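Presented below is the structure to which this report refers.
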Amino acid sequence: DTLSFRISVLNPTTPREALRNLWEMTHWDVVQNARPLSSAFAESWPIYSELANFSIWISGTRKRAGALSDLSLSFIPVAWGSVLEINIHDPPGYDFSDTRPGSPLAKEITSKGSRMVVVNGDFRPGILQMVFLGEVILGSPGGRTRISIQMFTDFRMQNEVARKINFLNGFVQPGSVTIFSQQLLNQAVVSHYEGGTFDSVLPLLPCFAQQLARVEFFFRLSCFISTGSSFILKNLGTDGN
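To convert, take the position in the sequence shown, counting from 1, and add 327; that gives the numbering used here.
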């Protein structure tokens, strides 16, 4: 007959060595001399430690979708590791092909697309760790990010000690605005083309300072704009006036 039962256990805070990550089962005869009747061993499940206080953000000045910028991340490991694998699943378009990690970290040669592997680390338990990733092509069209990060102890990435999969509380990737054309029209031009006044010369004249004019922009947004959102247009050359 098959005997089954359920127990509640608390996983250890750090992964155990493979030779010690086992369950030992012993059937005892407690009636006669407390002797073992049978025993067996079973391999336990893999245990991954935490990456506590994990945070990631755009640290570069350019933040729009598709821009070349920088990323920074911080965490407090529970177990020691030397290699980080970072995958940004959403939004699509992230590219780490030309990314430069901050010293003494280095980029592993298989890093490409939205997958980044950082080696030569010394991520000690209980100490806040900071990782800088320079020259990252940001994703497009923008929106909430979905990120996975894994930590290993060895360069061959065979001994995984910590992970955070499908992390959704990172940052919201800003979208982008692409302007196709822009026009500055004086009142004579507006009146001419809107049918109020017909003149063959006035529409050819440029706009002058301190005169009322109309600005027209034709642009495209990379992501969906919901109700209640605002579009802010500012002229940086005149202090916003």
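Glycine included, C-beta positions come from ideal geometry on N, C-alpha and C. Given the structure is predicted, the values throughout are model-derived calculations rather than measurements.
The DSSP-derived three-state label of L563 is helix. In chain order, I383, V458 place their CB closer than 6 angstroms to the CB of L400, counting only its own chain and leaving out the 5 sequence neighbours on each side.
Taking a cut-off of 8 angstroms for Cβ pairs, the segment 400-420 and the segment 376-390 touch, as three or more such pairs fall below it. Around the beta carbon of P533, fewer than 16 other beta carbons sit within 10 angstroms, so the residue counts as exposed. Residues of the same chain with a CB within less than 8 angstroms of the CB of A369, apart from the 5 flanking positions on each side, are L349, W350, M352 in chain order.
Residue burial is scored here from C-beta neighbours: T472 has at least 16 other C-beta atoms within 10 angstroms and is therefore classed as buried.
The alpha carbon of Q538 has as its nearest neighbour, out of R490, K390, N513, the alpha carbon of N513. Residue range 362-370 is occupied by the beta strand (DSSP E) that includes A369, with no alpha helix (DSSP H) assigned at that position. DSSP places Q514 within a helical segment (H, G or I) once states are collapsed to three.
With a 10 Å radius around the Cβ and a threshold of 16 neighbouring Cβ atoms, E521 comes out exposed. Inter-residue distance for V463 and I436 is about 16 angstroms (C-alpha atoms, whole angstroms). In the same chain as S386, and ignoring 5 residues on each side of it, the C-beta atoms closer than 6 angstroms to its own belong to D397, S399, in chain order.
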